[in-house]
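Numbering (mature numbering (1 follows the signal peptide of the UniProt record, and there is no 0)), first residue to last: -20 to -1, 1 to 186. Ideal Cβ placement from N, Cα and C applies to all residues, glycine included.
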């Protein structure tokens, strides 16, 4: 009987503690500074530079026990890189629908640290590739990049009392985004490059 009462008390405490936080819905947008980390193209020659773009979407914050919360998001995130090799160049554009699922811990009121997996589905890709005639061309490159991607995100947010918030986050790629392809017996896109992105965001939640 004592064990049942103790478990009931713990459950009630957890419930009331969770309810002390607020369930929130919000929207956010901001700056992406993205790059493809890992192997460089053409046997390690050239350089993979950063590409500046944006992200936009919505989120919900679900209170858990104590100072913890869960924050799933749904974002449109434009990523990729700028690549240079002599006179050649390749501004690779990779557009994803991203679903971060982040655990949040409130350090003090308004200030939280966050970390968790970030899943992605590729919806658009533009870049340079070799076509069936073995010509180096630019265009729709979705077939030479994988449709699914995963990152690990870590960052922090600060929310003002009126609902506006600001956040900083770094998403480290966990999987290679490249999809190998073959033209005239030669295999291209064989490097293993991950999509990494640094994000600065502003938003509003209520």
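Looking at 48, 154 and 101, the one whose alpha-carbon comes closest to that of residue 90 is 48.
Residue 126 sits in coil when the DSSP states are folded into three classes, being neither helix nor strand. Spanning the alpha carbons of residue 136 and residue 120 requires a straight line of approximately 35 Å. With fewer than 16 other Cβ atoms inside 10 Å of its own Cβ, residue 104 counts as exposed. Secondary structure within the segment 79 to 133: the beta strand (DSSP E) runs of 3 or more consecutive residues, fully enclosed, are 91 to 110 and 116 to 120 (chain order).
Residue pairing from DSSP places residue 12 in a beta bridge opposite 33 and 179. In the displayed model, residue 137 falls within a strand according to three-state DSSP. Per the Cβ contact rule, the segment 138 to 147 is not in contact with the segment 112 to 128 (fewer than 3 Cβ pairs under 8 Å). One Cα belongs to residue 182, the other to residue 174, and the distance between them is close to 26 Å. With a beta-carbon spacing of about 7 Å, residue 122 and residue 102 fall inside the 8 Å limit used to define contacts.
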